[in-house]
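Peer 1:
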Amino acid sequence: LKAAKASGGAPQMVFANAGFDRQKPPLADLEDAFLETGVKSHTILERGGLKIGIFGILGKDAIEVSPFAKPLKFSDPVQTARDMVKILRDQEKVDLVICLSHGGLRDNPKKSEDEILAAKVKGIDIIVSGHTHTSLEKPIIINGTIIVQAGSYGRFVGVLDIIREAGSVALKNYTLVPVNSSVAGDPKIQKTIDAFKQQLNERLLNPKNLSYDQIVAETAWDLKIDATESPLGNLLADSIRWSVNRVSFDSNDPSSSVAVAVESNGVIRDYLLRGKTGKVGFGDLFRAIPLGIGVDNTMGYPLISFYLYGFELKRALEILTSVRPLKSNNDYYLQVSGLRFTYNPRRVYFDRVTAIEIGSEEEGYRPLDYSRSNRQLYRVAANIYNATFLKNVGRFTYSLLEIIPKDKNGKPVEKLSAALVDGDPSLPGIQELKEWEGVLQYVQSFPDTNGNGIPDVPAKYSGKLGRIVEKPSCNPVHLFSRPAIPTLIVLAAAGVVLLLIVAAVMVRKGRRLKAKFLRMF
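For the sequence shown, my numbering gives the first residue as 57, with consecutive numbering after it.
Quick look at the structure:
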């Protein structure tokens, strides 16, 4: 925030549902930063004779997927919106209320936060939605509130024309304008971008013999990500397993080998596209996994490693099979390396995985015993964000998916920062191995198959590898075989209901027989 203000280019930021506790120094510092940089719950603009009130909120899903926000607290976005409308309408006497919401839109209206917001809060004229990266071609109108969203990453500019008559707002026109090579770049903005690239090169990349525009690989096909096993997801997950093994595997200690690596769709932010030349620049690669900051306060999520039991690996995979559909959110889709598995989406939630195998395409796969009786520990690698989510997922699944990261001796890891992977053990302290560095090193290790001096993305990443296999079945054997706790709970509940029904039928039948017997006399 302070850097943005110092640059002179920071717009007014609005954030209404963040809570601070000044008794906790880090939060006090953050609140001071909010005050110094002018972050407010709302702001007032006057345009064309209209007084416009604008406020910002963070949605429930965005809050849930922000594990590093603690101990910062957030108030309920719907109630906050009601309070802001009251302030803007009754105290500020605005003509127009606009909500900037990082809540988002979903295909299922019951889980579409900004549609719910419009339905529950009266007095919002326009909701400019975010978070879900939805390129909304037509506005959604609920109770007179106009909802728009213009995709993500500046690929579109949304242009909304409204008419205000008799105190109400009506839609006149809405257009999504693509931002592409047909639109000339603003010279001032381009100059700023070039300055940022120069800083990045000088401060971070040049010391590593890199530059932002440097070609690091080439590909003969597009590598994309979707809510399914995806080539880009496989490459990124493989890079995590490979890079952690590269710096920490001890041939004298088989348990030090990373068995499994996981990546989530939520932190993968761009495709690797072939384009016209097939060349992949460092910037292209970094844009795929650009998020986060390390414990060392440098850019990028660091990689960590820890140990899990086989049944905990199954629980982790149930995030994909159950949490994702329950949330209607593809960010929860996991990409995996070091294992492959099959699941039945017709089974009980949180018990849909039916088979897991450990291994790789190169070395082959073998069945994993994911029963609780298997006490072997398996080393797992992930970035610290995804690992934090794995550790916390038990909280909102009533402990059904409780996962406890452990050290190699089976002792729980309380702070994941203690599980950081040391990228260079020859140096004192911990040199964080960033995910982006691991991906870069993995890609640079690819063979140069055409002899032009540039590593080529292997053919294995041109399609699916069968790591995630969905096998829907309503066959009772497939539905209830090898039941875990969720299925046992459902079966027990069904058994109780069945017994109650049988008991009720028997009681009724007994009464009828008794009445019939009495009539005989």
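Ideal Cβ placement from N, Cα and C applies to all residues, glycine included.
Apply the 10 Å Cβ neighbour rule to E374 and answer buried if 16 or more other Cβ atoms are within range, or exposed otherwise.
Peer 2: With 16 or more Cβ atoms within 10 Å of its Cβ, E374 is classed as buried.
Peer 1: Quick check on the burial criterion: 16 or more other C-beta atoms within 10 angstroms. Buried or exposed for F362?
Peer 2: Looking at its Cβ environment, which holds 16 or more other Cβ atoms inside 10 Å, F362 is buried.
Peer 1: Just verifying my parser: in three-state terms, what is the DSSP assignment at R451?
Peer 2: Residue state, collapsed to three classes: helix.
Peer 1: Could you tell me which residues DSSP pairs with S185 in its beta bridges?
Peer 2: DSSP lists S157 as partners of S185.
Peer 1: Grab the span of the beta strand (DSSP E) containing Y399 for me, first residue to last.
Peer 2: Note, Y399: beta strand (DSSP E), 395 to 399.
Peer 1: State the Cα-Cα distance for the pair E319 and G450, rounded to the nearest angstrom.
Peer 2: If you take the alpha carbons of E319 and G450, they lie about 18 Å apart.
Peer 1: Beta-carbon within less than 7 Å of G522's beta-carbon, same chain only, minus the 5 sequence neighbours each way: which residues are those?
Peer 2: Closer than 7 Å at the Cβ level, and outside the excluded window around G522, lie R396.
Peer 1: State the Cα-Cα distance for the pair P381 and G105, rounded to the nearest angstrom.
Peer 2: One C-alpha to the other measures close to 47 Å.
Peer 1: Between the C-alpha atoms of V392 and I349, what's the straight-line distance to the nearest angstrom?
Peer 2: Computed Cα separation, rounded: 23 Å.
Peer 1: Please name the residue or residues paired with Y363 in a DSSP beta bridge.
Peer 2: Y363 pairs with R435, K462.
Peer 1: For M562, does the count of other Cβ atoms within 10 angstroms reach 16, so buried, or fall short, so exposed?
Peer 2: M562 comes out exposed.
Peer 1: Using the Cβ count rule (16 or more neighbours within 10 Å means buried), how would you classify F452?
Peer 2: Exposed, since its Cβ has fewer than 16 Cβ neighbours within 10 Å.
Peer 1: Which of helix, strand or coil does DSSP assign to R325?
Peer 2: The answer is coil: DSSP assigns R325 none of H, G, I, E or B.
Peer 1: Name the DSSP beta bridge partners of F130, please?
Peer 2: Paired residues: A74.
Peer 1: From this set, V177, N164, R211, L216, which residue's C-alpha is nearest V184's C-alpha?
Peer 2: That would be L216, whose Cα lies nearest to the Cα of V184.
Peer 1: Taking the alpha-carbon positions, what's the L390 to L446 distance?
Peer 2: Cα to Cα, the separation comes out at about 11 Å.
Peer 1: To the nearest angstrom, report how far apart D309 and N301 are at their CA atoms.
Peer 2: Distance between the alpha carbons of D309 and N301 is about 12 Å.
Peer 1: For Q135, is the classification buried or exposed, using 16 other Cβ atoms within 10 angstroms of its Cβ as the cut-off for buried?
Peer 2: Its Cβ having fewer than 16 others within 10 Å, Q135 is exposed.
Peer 1: What's the gap between the Cα of K247 and the Cα of I524?
Peer 2: Going from the Cα of K247 to the Cα of I524 covers about 45 Å.
Peer 1: Can you give the beta carbon distance from V95 to A137, rounded, assuming they're within the 8 Å contact cut?
Peer 2: Between A137 and V95 the Cβ distance is about 18 Å, and since that is not below 8 Å, they are no contact.
Peer 1: What are the start and end residues of the beta strand (DSSP E) that includes K228?
Peer 2: Residues 224 to 234.
Peer 1: Where are the alpha helix (DSSP H) runs, 4 residues long or more, that stay fully inside the segment 459 to 528, in chain order?
Peer 2: DSSP runs (the alpha helix (DSSP H)) wholly in the segment 459 to 528: 491 to 500.
Peer 1: Could you check what DSSP says for A560 in three-state terms: helix, strand or coil?
Peer 2: Three-state result, A560: helix.
Peer 1: Should V553 go down as buried or exposed, given a rule of 16 or more other Cβ atoms within 10 Å for buried?
Peer 2: Result: exposed.
Peer 1: Can you tell me the Cα-Cα spacing of L152 and K383, whole angstroms?
Peer 2: So the two alpha carbons sit approximately 33 Å from each other.
Peer 1: Let me confirm a value: F252 is counted as buried when at least 16 other C-beta atoms fall within 10 Å, else exposed. Which label applies?
Peer 2: Per the 10 Å Cβ criterion, exposed.
Peer 1: Would F367 and Y426 qualify as a contact pair, given that the criterion is a beta-carbon distance under 8 Å?
Peer 2: Contact: yes.
Peer 1: To the nearest angstrom, report how far apart V303 and A540 are at their CA atoms.
Peer 2: Looking at the two C-alpha atoms, the distance is approximately 37 Å.
Peer 1: Within 10 angstroms of the Cβ of E274, are there 16 or more other Cβ atoms? Answer buried if so, exposed if not.
Peer 2: Buried is the call here.
Peer 1: For a minimum of 3 consecutive residues, which ranges assigned as the beta strand (DSSP E) are wholly contained in the segment 259 to 303?
Peer 2: Qualifying beta strand (DSSP E) stretches, in chain order: 271 to 274.
Peer 1: Going by the beta-carbon positions, is the gap between A317 and A283 smaller than 8 Å?
Peer 2: No, the Cβ-Cβ distance between A317 and A283 is not below 8 Å.
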